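Asker:
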Amino acid sequence: MHGGFHYQAITNPFSIAVGTAEKVANQIGEWAARMKTTHINNVMHVADMPHWKAVKNMTLFAEEVAPRLRPRAATVTKGDQR
1344 MHGGFHYQAI
1354 TNPFSIAVGT
1364 AEKVANQIGE
1374 WAARMKTTHI
1384 NNVMHVADMP
1394 HWKAVKNMTL
1404 FAEEVAPRLR
1414 PRAATVTKGD
1424 QR
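See below:
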């Protein structure tokens, strides 16, 4: 833990996905499907997190999570064509 971060304090007002890349992709995928959207907004920096850790979060998301979400986005987009 870095600084005074309290997990429960931030999970109440927001939807937070934490864990392995597979777990995070599954959670975000479920939210996106429920909302019928392919647009998501991610915050990779929390409280007084050091810069290196925010960069690590963004890199892991880009390399490990986003590739798992792309096939799901294609499915949602195809199902939405009119």
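Start counting the sequence shown at 1344; every next residue gets the next number (the numbering used here).
We put the CB at the ideal spot given by N, CA and C, even for glycine.
Quick caveat: nothing in here was measured; it's all calculated off a predicted structure.
Which residue comes first and which comes last in the alpha helix (DSSP H) that contains Gly1372?
Answerer: Run containing Gly1372: Ala1364 to Met1378, per the alpha helix (DSSP H) assignment.
Asker: Sorted by chain position, which residues of the same chain lie with C-beta nearer than 6 Å to Ala1397's C-beta, five sequence neighbours on each side aside?
Answerer: Met1387 and His1388, listed in sequence order.
Asker: Can you tell me the Cβ-Cβ gap for Leu1412 and Ala1364, rounded? I've got them flagged as a contact below 8 Å.
Answerer: Actually they do not touch by this definition, with Cβ atoms about 10 Å apart.
Asker: Answer yes or no: do Ile1371 and Ile1359 have a C-beta to C-beta separation smaller than 8 Å?
Answerer: Not closer than 8 Å, so no.
Asker: Applying the 10 Å Cβ sphere with the 16-neighbour rule, what's the burial state of Ala1339?
Answerer: This structure cannot settle anything about residue 1339, because the visible part of the chain is limited to 1344 through 1425.
Asker: To the nearest angstrom, report how far apart Arg1377 and Ala1405 are at their CA atoms.
Answerer: The alpha-carbon atoms of Arg1377 and Ala1405 are separated by roughly 22 Å.
Asker: Tell me the DSSP secondary structure of Pro1393 in three-state form.
Answerer: In this structure, Pro1393 counts as coil in the three-state DSSP scheme.
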